[in-house]
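Structure first, commentary second.
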Amino acid sequence: MERCGDFDCLRPRKKPRLENNLMGENASAEDLISHLPDECIFEIFSFLPSYRDRFSCAAVSKKWLLLQANMRATAFKTAVSALQKQGDKTSRCLEGKKANDTRLAAIAVGICPRGGLRELCIRGSFPSRGITDFGLEIIAQACPNLKSLVLWNCLQIGNRGLIALSQRCSSIEKLDIFNCPLVGDEGIISLARNCHNLSSLSIESCPSIGNPALQALAAYSSNLKSISLTKCRLLNDEGILSVFSSLPVLERVKLVSLNIGDSVLEAVGRHGSSLATLCLENISGVSEMGFRSIKRLKKLETLSLKTCSGFNDKCLKAIGTRFVALKRIAIANCAAISDEGLKELSRSTMLLESFKLQECHNVSPCGLKEVLLNCKDRLEVLSLVNCKGLDEMDSSVFTTPLPRCPLLQSLTLNRCYGVGDNFLSWLGTSCVRVKSLELVGLSSITDKGFLIFLQALENQNKGLIDVDLSGCLQLSDISLLALTSGFGEKLKSLRLEGCQRLSDKCLSLIAEFCPSLLDLDLSGCGISDGGVFSLVKSEHQKIEVLSLDGCLDITDKSLSFLEVMCGNLVGLNLKRCPRLSEQGITSVRQNLWWCDLLY
Amino acid sequence: MSESTEKKMVRLRSSDGEVFEVEESVAKVAKTLQDMLEEDCADAVIPITCVRAPILTKVIDYCKDQVMISSSSSTTNNPNERTEQERKAWGQKFMEGVDSSTLCELLVASNFLNIEGLLNLGVDKMVSMIQGKYPQEIRDMFNVVNDFTPEEEEEIRNQNAWAFERDPYYKKRSSSK
Numbered sequence: 001m002e003r004c005g006d007f008d009c010l011r012p013r014k015k016p017r018l019e020n021n022l023m024g025e026n027a028s029a030e031d032l033i034s035h036l037p038d039e040c041i042f043e044i045f046s047f048l049p050s051y052r053d054r055f056s057c058a059a060v061s062k063k064w065l066l067l068q069a070n071m072r073a074t075a076f077k078t079a080v081s082a083l084q085k086q087g088d089k090t091s092r093c094l095e096g097k098k099a100n101d102t103r104l105a106a107i108a109v110g111i112c113p114r115g116g117l118r119e120l121c122i123r124g125s126f127p128s129r130g131i132t133d134f135g136l137e138i139i140a141q142a143c144p145n146l147k148s149l150v151l152w153n154c155l156q157i158g159n160r161g162l163i164a165l166s167q168r169c170s171s172i173e174k175l176d177i178f179n180c181p182l183v184g185d186e187g188i189i190s191l192a193r194n195c196h197n198l199s200s201l202s203i204e205s206c207p208s209i210g211n212p213a214l215q216a217l218a219a220y221s222s223n224l225k226s227i228s229l230t231k232c233r234l235l236n237d238e239g240i241l242s243v244f245s246s247l248p249v250l251e252r253v254k255l256v257s258l259n260i261g262d263s264v265l266e267a268v269g270r271h272g273s274s275l276a277t278l279c280l281e282n283i284s285g286v287s288e289m290g291f292r293s294i295k296r297l298k299k300l301e302t303l304s305l306k307t308c309s310g311f312n313d314k315c316l317k318a319i320g321t322r323f324v325a326l327k328r329i330a331i332a333n334c335a336a337i338s339d340e341g342l343k344e345l346s347r348s349t350m351l352l353e354s355f356k357l358q359e360c361h362n363v364s365p366c367g368l369k370e371v372l373l374n375c376k377d378r379l380e381v382l383s384l385v386n387c388k389g390l391d392e393m394d395s396s397v398f399t400t401p402l403p404r405c406p407l408l409q410s411l412t413l414n415r416c417y418g419v420g421d422n423f424l425s426w427l428g429t430s431c432v433r434v435k436s437l438e439l440v441g442l443s444s445i446t447d448k449g450f451l452i453f454l455q456a457l458e459n460q461n462k463g464l465i466d467v468d469l470s471g472c473l474q475l476s477d478i479s480l481l482a483l484t485s486g487f488g489e490k491l492k493s494l495r496l497e498g499c500q501r502l503s504d505k506c507l508s509l510i511a512e513f514c515p516s517l518l519d520l521d522l523s524g525c526g527i528s529d530g531g532v533f534s535l536v537k538s539e540h541q542k543i544e545v546l547s548l549d550g551c552l553d554i555t556d557k558s559l560s561f562l563e564v565m566c567g568n569l570v571g572l573n574l575k576r577c578p579r580l581s582e583q584g585i586t587s588v589r590q591n592l593w594w595c596d597l598l599y
Numbered sequence: 600m601s602e603s604t605e606k607k608m609v610r611l612r613s614s615d616g617e618v619f620e621v622e623e624s625v626a627k628v629a630k631t632l633q634d635m636l637e638e639d640c641a642d643a644v645i646p647i648t649c650v651r652a653p654i655l656t657k658v659i660d661y662c663k664d665q666v667m668i669s670s671s672s673s674t675t676n677n678p679n680e681r682t683e684q685e686r687k688a689w690g691q692k693f694m695e696g697v698d699s700s701t702l703c704e705l706l707v708a709s710n711f712l713n714i715e716g717l718l719n720l721g722v723d724k725m726v727s728m729i730q731g732k733y734p735q736e737i738r739d740m741f742n743v744v745n746d747f748t749p750e751e752e753e754e755i756r757n758q759n760a761w762a763f764e765r766d767p768y769y770k771k772r773s774s775s776k
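Note that the protein sequences, when read in sequence, are chains A and B. Oh and the first sequence: position 318 is 318 in the numbering used here, straight run, nothing missing. Going from the second sequence to the numbering used here is simple: count from 1 and add 599.
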């Protein structure tokens, strides 16, 4: 008692100090607890195991949050049973500014009692205060059941974080890591050793990851089904070979911008008995010999090749001698491909569902004809982008009619500048049931060609849903009349960017015939206020996204029409409309406040 | 205590310059001081730089009490002869009326001087103060500055809301903050 009395005497001496502090509240109110060493605070927390107390402490300050996030379940003096809450979201995505350790700690504290996260996606962008190894260690501790992890642009994450994760979260199945320059072999090796369920791995632009990492995967990751390797300058044949020769269960392989040679593809051919998808991009070290090995992949369904200079007609021919399973093929920027190769290939690919060509300038309408003749029964998607060889130099080919492709639903002809009316009307007979039509940048086609193309579509087909005619400069209101009156009923998206010859008339057609339209792009069209008025006055229109970018004649009048009549709008583009006033835009912003406005 | 005149004295100087003279046995309750004394730094005044005089007084009180307990039971070689209940009651009494500011300083001091018993008393007291409190109440109690951005605070609240779901008081408070 005496002691307490003594103590009470001392109190007045202390008090003034406290009051001083309180007076200068903003500047110097002293944080009493910050002088305590961390181990002291840990000790205090260990007596507060209930979730409520944990969360309350975590919400006090950043320091407390991090300390709380670092509390292991075993550190508490009394245990609290784990809470299982069904149907709760156990995946989180942190992007940009939000991708920092504080948020990660907040998630960790909140999710920990519920068994932790299943999926975590981090897409950083802040070089200075992004997520660090410390943050990953917190997650590793809180989320032992983590299955999927995405790390993009995490410039500060290194091996330490990945090692912590792989040691504590042994059920990781999927890792996608992009632009993490500090992550090296050590981290991936630890992952391979500890996470035996790893089934999908994607590594892109990680300059510190090399062959030892792949060798570890080859040795330990027997469940790896999908691997994607992009732009890792330390990787070469040695590491990649070991993966293919040791992991015959691989189903999906993507190799982009790697320094590899023929031996890798030979290994793929020899061991890839389960391989269903193969994507190769910007692989210059592989020659014809290497690509010929692809023919040995009996289960291959999807083949995508981009910028592979060694890939030529002979490879296609070799593939064509064996293949039957191939369903999807995409070839881009392979200059050595010509009609001859496509002819050989298509003979044995009767199951082809999707055929895509981009920047293969040696392919002419003859090659296309062969593909359509051989694959007509199953073909669903046909895409031809920027193929200069598709022209009308040799008009004799257009005399042979193309077969009807009953399943063809999607046609893309993008920037094939040689395509004119003859080509288009010739192709129309194949595309009788097309639903998605993309004719972009075909500056040579006119109303005549487009009308013939439309006529070939089967009468019962009201099925056009998406139509993109951007950059078809010569199309006029006549084409639009045929399109809207014949096929407008189900049209959801119509893009007419840069069709200068279209006038206000086309807008009244759209208003009249396209009741389902949601997305309309009129950028650069020669329309005026009258057109906009006829569009919005129609009662049944429910357009959600409208672009009037570069419509020079549009004035504030149009805006007032839109304000009154377009209650459905969620996106409006008014860029480069010189006749719109500041007040007009402000008024739109106020009256259509729910709408995304670009100007 | 009767032998105190023959006992070696130790001088301790608090951070604000006050010098305390205590028996060596009392000082030795603090492990840190014990180590120092065994290394013969006894003649000089030992500076306790992180502890102010009022706190040091309280710490010395605690140490004196410990010495008294152990000397009264020195023959049995059991310093904890008082029953568990008595010790608890004594501890509560010792901590009675200690405010949060003093408590923090006591914790820092007992941690620095390595006095386990006092540290445990402090932690117990701290736990009882924090238990069941809301973040803002804790901040007010210890003058902790809220250094979260409003978005971060919102995020934390969202992550943890489920634990407070059936607590209208929490909802009301958190939304008013």
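Ideal Cβ placement from N, Cα and C applies to all residues, glycine included. A quick note: this is a predicted structure, and the numbers were derived from the prediction, not measured.
Separation of the CB atoms of S46(A) and A69(A) is rounded to 14 Å, and the pair is thereby denied contact status at 8 Å. The beta carbon of Q730(B) falls within 7 Å of a beta carbon belonging to chain A, placing the residue at that interface. Distances from the alpha-carbon of Q409(A) to those of C431(A), L120(A), L424(A) and E458(A) put C431(A) closest. Contacts with chain B at 7 Å (Cβ-Cβ) do not include R129(A).
Under the Cβ criterion of 7 Å, E43(A) is counted among the residues facing chain B. In this structure, the beta-carbon distance from L559(A) to G531(A) does not fall below 7 Å. Just so you know, the alpha carbons of E359(A) and L326(A) end up roughly 22 Å apart.
Residue ranges of uninterrupted beta strand (DSSP E) with 3 or more members, entirely inside the region 287-321 of chain A and ordered along the chain, are 302-306. Less than 7 Å separates the beta-carbon of I647(B) from that of L611(B).
Taking 8 Å as the upper bound on Cβ-Cβ separation, chain B lies near no residue of the region 189-208 of chain A. In terms of Cβ geometry, D521(A) and S547(A) form a close pair [threshold 7 Å]. Secondary structure note for Q583(A): its alpha helix (DSSP H) is the uninterrupted segment E582 to N591. In the three-state reduction of the DSSP assignment, T277(A) falls in the strand class, which pools E and B. Listed in chain order, the beta strand (DSSP E) runs fully inside the region 394-446 of chain A are 410-414 and 436-440, counting runs of at least 3 residues. Judged by beta-carbon spacing, S614(B) lies beyond the 7 Å limit of V666(B), meaning their Cβ atoms are not closer than that value.
Rounded to whole angstroms, the Cβ separation of G428(A) and F453(A) is 4 Å, and the two are in contact under 8 Å. For M725(B), the residues of chain A that pass the 7 Å Cβ criterion are I44, in the order they occur in the chain. Rounded to the nearest whole angstrom, the C-alpha separation of S516(A) and S364(A) is 37 Å. Within chain B, no C-beta atom comes nearer than 8 Å to that of K435(A); the closest sits roughly 41 Å away. For the pair K537(A) and C405(A), the Cα-to-Cα distance works out to about 40 Å. In summary, G616(B) is exposed, with fewer than 16 beta-carbon neighbours lying within 10 Å of its beta-carbon over all protein chains present. Only those residues of the region 133-146 of chain A whose C-beta falls short of 8 Å from the nearest C-beta of chain B would be listed, and there are none.
Residue pairing from DSSP leaves N386(A) without any beta-bridge partner. Contact note: I111(A) reaches chain B through Q758, using a C-beta cutoff of 9 Å and chain order. Out of K369(A), L357(A) and I329(A), the CA that lies nearest to the CA of K343(A) is found in K369(A).
Around the beta-carbon of D377(A), fewer than 16 other beta-carbon atoms lie within 10 Å, marking it exposed. Across the set I139(A), S128(A) and V109(A), the C-alpha of I139(A) shows the shortest separation from the C-alpha of C121(A). One finds N710 in chain B with Cβ atoms closer than 7 Å to the Cβ of P37(A), taken in chain order. No residue range can be given for A75(A), since it is assigned to no beta strand (DSSP E) and is classified by DSSP as neither H nor E. Within 10 angstroms of the beta-carbon of V588(A) lie 16 or more other beta-carbons, which makes it buried. For V618(B), the enclosing beta strand (DSSP E) has its first and last residue at V618 to E622. The C-beta distance from L182(A) to Q156(A) rounds to 7 Å, short enough to fall under 8 Å. Looking only at E251(A), K63(A), C366(A) and C308(A), the smallest Cα-Cα distance to K298(A) is reached by E251(A). In this chain, T90(A) is not harboured by any alpha helix (DSSP H), its DSSP state being neither H nor E.
Counting every other CB atom within 10 Å of its CB across the protein chains shown gives C93(A) a total below 16, marking it as exposed. In this structure, V697(B) lies away from I44(A), with their beta-carbon atoms at least 7 Å apart.
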